[in-house]
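First residue of the sequence shown? That's 1 in UniProt numbering, and the numbers climb one at a time after it. Quick reminder that beta carbons are idealized off the backbone N, C-alpha and C, glycines included. Here the structure is a predicted model, which is why all the values come from computation and not from measurement. Reviewing the structure listed below.
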Amino acid sequence: MESRQPGSPSPEQEALAHEQTRVSAMYARLDALREYTADQLAAAHLQDRSGYAALVERESRSYEQARRRARLGAVEEGLCFGRVDLATDTETIYIGRIGLRDAEHETILVDWRAPAARPFYAATPSDAAGLARRRHLRVRHRRVIGLDDEVFDPDGLTESDRHQLVGEAALLASLRRGRTGRMADIVATIQAEQDRVIRARLAGVLVVQGGPGTGKTVAALHRAAYLLYTHRHVLERRGVLVVGPNPAFLRYVGDVLPSLGETDVVMRTVGELFPGVEAREHDPHAVARVKGSPRMAELVRAAVLDRQRTPLEAFGDDELRVRTDAGVLTVPAETAAHVIATARGLRLPHNAARKYAVTTLLRELARAESVLLGRPAEEEDLPFIGERLWFVDAIRAAIDALWPPLTPERLLAELFSDTEALDRVGPRAGLSADERRALARAADAPWTVEDVPLLDEAADILGYDDSAERARERRRAAREAEEERYAQGVLEFTGADDPLLDARVLAERHRDTGPGLTTAERAGQDREWTYGHVIVDEAQELSPMAWRAVMRRVPTRSLTVVGDVAQTGSAAGARSWLDALEPFVGANLHVERLRVNYRTPAPIMTAAADVLRAAAPDEEAPESVREEGDPPRAVRLTGPLAESLPAVVAEELRAIGEGRVAVITADRDVAAAAAALPDAGRPYAGGPGRDALENPVVVVTATESKGLEFDSVVVVEPDHVWQQPRGANDLYVAVTRATRRLTVAHSRDLPGVLNRLA
Ligand SMILES: Nc1ncnc2c1ncn2[C@@H]1O[C@H](COP(=O)(O)OP(=O)(O)OP(=O)(O)O)[C@@H](O)[C@H]1O
1 MESRQPGSPS
11 PEQEALAHEQ
21 TRVSAMYARL
31 DALREYTADQ
41 LAAAHLQDRS
51 GYAALVERES
61 RSYEQARRRA
71 RLGAVEEGLC
81 FGRVDLATDT
91 ETIYIGRIGL
101 RDAEHETILV
111 DWRAPAARPF
121 YAATPSDAAG
131 LARRRHLRVR
141 HRRVIGLDDE
151 VFDPDGLTES
161 DRHQLVGEAA
171 LLASLRRGRT
181 GRMADIVATI
191 QAEQDRVIRA
201 RLAGVLVVQG
211 GPGTGKTVAA
221 LHRAAYLLYT
231 HRHVLERRGV
241 LVVGPNPAFL
251 RYVGDVLPSL
261 GETDVVMRTV
271 GELFPGVEAR
281 EHDPHAVARV
291 KGSPRMAELV
301 RAAVLDRQRT
311 PLEAFGDDEL
321 RVRTDAGVLT
331 VPAETAAHVI
341 ATARGLRLPH
351 NAARKYAVTT
361 LLRELARAES
371 VLLGRPAEEE
381 DLPFIGERLW
391 FVDAIRAAID
401 ALWPPLTPER
411 LLAELFSDTE
421 ALDRVGPRAG
431 LSADERRALA
441 RAADAPWTVE
451 DVPLLDEAAD
461 ILGYDDSAER
471 ARERRRAARE
481 AEEERYAQGV
491 LEFTGADDPL
501 LDARVLAERH
511 RDTGPGLTTA
521 ERAGQDREWT
531 YGHVIVDEAQ
541 ELSPMAWRAV
551 MRRVPTRSLT
561 VVGDVAQTGS
571 AAGARSWLDA
581 LEPFVGANLH
591 VERLRVNYRT
601 PAPIMTAAAD
611 VLRAAAPDEE
621 APESVREEGD
631 PPRAVRLTGP
641 LAESLPAVVA
651 EELRAIGEGR
661 VAVITADRDV
671 AAAAAALPDA
681 GRPYAGGPGR
691 DALENPVVVV
701 TATESKGLEF
711 DSVVVVEPDH
721 VWQQPRGAND
731 LYVAVTRATR
741 RLTVAHSRDL
751 PGVLNRLA
């Protein structure tokens, strides 16, 4: 063994000092860049505003500088977290949240998404990816406080030694941290199987199937950041959409992308996909099953056809008769029926075909009027007379009865609140009497999450009356083309060769939408926006109708679909990925499986695996990365929850110290549990703006707990969860939310699948 002089630094101290020098240089460079960006931003603001060219140039500069400043601001903590030493030469590469070059343009830090950073994530003991060593740097407030090395040079290492080295220290340290109620990024510890998911190609459908805690969500979010970095030119303009299961979940994961410096992502629940409607409540299971069925597309189509009527269908009279001041105007039966049949045959959206129906019927009514008044009119005068007749209320009402202007909201509200209409239309979509009854509701009932895909479907079939808008649109397009040509000139003139900025982006940014509106904001407000890529999380919950709404937003079918068919809780959710996606993409799926559970320690996962066998016998339980942990326990509750539950929760709070406890219940018990714990957070009761998930104690139903995690979980009355419509799946979700401790608290007998805990 080498001897050291007393007081001289140990090899580890030397290594730390060496890395500190490098890291300090990176922060110095970061500070310099921040200062430079702030100066540039100030200069851009001071620029002369007069004239279009000056305005465009100013916009271009300040937008870009503001964006750069936001990125530089987001990377303070953990700027650099890794280093690789290549086996072939002496090169070392430092990996961080962003790439940095020093004043001489030498690379001092490589962005984690760049190809050069790949070996840091891809290297495993069996495939070193060209590395001699991988080093994790632990840096807190700009100080290097620790290093973990993995040596890939196999000489001198036994097989078991090598296995122990696989990034464990850094990974386990990060997994052991108490939960904060917000998901954090994992750039420093992405594992090889996750890296494959993150860097998969942009085109096509990637399905990521994995058990609870395998990092599907976190990998999907890193994939969004990776895609935006790698394909920025395509994706910046079209944006990326992330669809998540509920607002609390989106809030829970909402920090991850900004911490990676990415803000051009739209995050929505299915209930928010239709602009103007924000649905949060779900329909009961039986109703949700009907509304999610693909037959609903037929129903919506049939409902629209049902609103396109001949006079016989609308008034029970085969002639169209309208009483006006001049007398009764009559359109003969055959003519009226022909107009409606022709309008139907146009195969245009309902509101577009309406234009034909209205003008033609007005012309026929004008003809009837001229006959009635004994003033024969020339054929070419009829449209003008028709235009005048349009202002006669009775005429407008009669035409609306034959072919009304319809919004999606009006169509569905009128259909669902009219049992006769449901009975007329339902059978055409193959709905049974029971299913039709399930759809019936009051006209003013609030929209549910399950209604949103139906509204979207209706919008697609209805189109909207857009004649005035189209004329405006034509004028605007001409103006915009002119502005774009101008912006191109400005860019060439100013030599701003930023790949993030092209003439269209620049011109768009300058237009009436105002410079503040980002791609994400514009996309979020526009129902017909199509995205460059869509990521669907907890995708097993989507019904066939919800998939139709999602697919409409990504005609290129560039999708990442993330979920676990063993956790499906919703009535019309998926039991197999192929079944769910085949109608849209055929068998063209690339499936990646994640098999390691980073959340739940092995003792809890063993109990959960018993539940999984009932929920999805074909799925394998993921293997826990943490072997050790407190064994799950069962506690008998005596008396009402208000008396028995607080003590159990207090004990858990004591046991975990810093961290969060979740009380997870069946739907029927959630109110009683929340009442028993008045200080607990109820993330779903107070709307999305509240930070209830950050409360030390949270009360949620099993369904609401999907995608979330807590240090300690108390499942109350598991038998009630078990008895829910997809109870086995719900219970599986509930028992896999804990990172450290699991308790089942019960007064009724435990369901058999939890016998291990009895
Ligand atoms: N490579 C990693 N490094 C550090 N933490 C990780 C890593 N992978 C996953 N985790 C952590 O494991 C936990 C579970 O991840 P995540 O929520 O993404 O899993 P999931 O597969 O979506 O789970 P579920 O299906 O239960 O919702 C998170 O706290 C996440 O940060």
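Scan the region 21-95 and note each continuous beta strand (DSSP E) run of 3 residues or more that stays entirely inside, going in chain order. 80-86
Within a Cβ cutoff of 7 Å, which residues of the same chain sit near Arg29, ignoring the five residues on either side of it in sequence? Leu100, Asp102 and Ile108
Could you tell me the distance, in whole angstroms, from the CA atom of Ala477 to the CA atom of Ala571? 45 Å
Can you tell me which of the three DSSP states Ala128 falls into? coil
Rank Pro125, Ala680, Glu150 and Gly204 by C-alpha distance to the C-alpha of His533 and give the top, closest one. Taking only the C-alpha atoms, the option nearest His533 is Gly204.
Per DSSP, what kind of secondary structure is Asp381 in: helix, strand or coil? helix
Helix, strand or coil: how does DSSP classify Gly244 here? strand
Does the beta carbon of Met26 fall short of 7 Å from some heavy atom of ligand 1? In this structure, Met26 has its CB at a distance of at least 7 Å from all heavy atoms of ligand 1.
Any non-hydrogen atom of ligand 1 closer than 7 Å to Tyr94 Cβ: no
Can you find a heavy atom of ligand 1 that lies under 7 Å from the Cβ of Gly78? no
Would you list, in sequence order, the uninterrupted alpha helix (DSSP H) runs of no fewer than 4 residues that lie entirely inside the region 442-468? 451-462
Val611 CB to nearest heavy atom of ligand 1 below 7 Å: Because no heavy atom of ligand 1 lies under 7 Å away, the Cβ of Val611 does not count as near it: no.
Any heavy atom of ligand 1 within a distance shorter than 7 Å of the CB on Ala539? no
Measuring straight from C-alpha to C-alpha, what distance separates Pro247 and Arg268? 8 Å
With DSSP collapsed to three states, give me the class of Gly271. The DSSP-derived three-state label of Gly271 is helix.
If you draw a straight line from the C-alpha of Glu521 to the C-alpha of Val265, how long is it? 9 Å
Leu206: which of Phe81, Val536 and Glu450 sits nearest, CA to CA? Val536
In the DSSP output, which residue or residues are listed as bridge partners for Phe710? Ala738
DSSP state of Glu14 mapped onto helix, strand, coil: helix
As assigned by DSSP and simplified to three states, the class of His590: The answer is strand: DSSP assigns His590 an E or B state.
Spatial distance of Asp418 from Pro294 (CA atoms): 22 Å
Apart from the five residues on each side of it in sequence, which residues of its chain come closer than 8 Å, Cβ to Cβ, to Val166? Here the model assigns Val166 a pLDDT of 40, short of 50, so the residue's position is not dependable, and the following value carries that caveat. Answer for Val166: Thr124, Pro125 and Glu150, listed in chain order.
With respect to 7 Å, is the separation between the Cβ of residue 766 and the closest non-hydrogen atom of ligand 1 below this value? The requested residue 766 is not part of the displayed model; the chain covers only 1 to 758.
Kindly indicate which three-state DSSP category Gly156 falls into: helix, strand or coil? Bear in mind that the predicted position of Gly156 carries a pLDDT of just 41, short of 50, making it unreliable; the figure below should be weighed with that in mind. Correct three-state label for Gly156: coil.
Let me know the secondary structure DSSP gives Thr263 once reduced to three states. coil
Three-state secondary structure (DSSP) of Asp667: helix
Under 7 Å from any heavy atom of ligand 1, does the C-beta of Ala184 make it? yes
Going by the DSSP bridge assignment, what does Asn597 pair with across the sheet? Ser624
Leaving out five residues on either side along the sequence, give the residues of the same chain with a beta carbon under 6 Å from the beta carbon of Glu272. Glu278
Taking the continuous beta strand (DSSP E) assigned at Thr310, which residues delimit it? Membership of Thr310 in any beta strand (DSSP E) is not indicated, and neither H nor E is assigned to it by DSSP.
I want to know whether the region 555-567 touches the region 205-225 - three or more CB-CB distances under 8 Å. Taking a cut-off of 8 Å on C-beta distances, the region 555-567 touches the region 205-225, as three or more cross pairs fall below it.
Would you call the region 658-665 and the region 709-726 in contact, with 3 or more CB pairs under 8 Å? yes
Quick check on DSSP: helix, strand or coil for Gly573? coil
Rounded separation between Ala394 and Ala440 - CA only: 31 Å
So, under 8 Å CB-CB, His720 and Arg668 are touching, yes? Tell me the CB distance rounded to an integer number of Å. Beta-carbon to beta-carbon, His720 and Arg668 are separated by about 6 Å, close enough to satisfy the 8 Å threshold.
Looking at the strands, I want to know which residues DSSP matches up with Ala173. Ala173 is not bridged to any residue.
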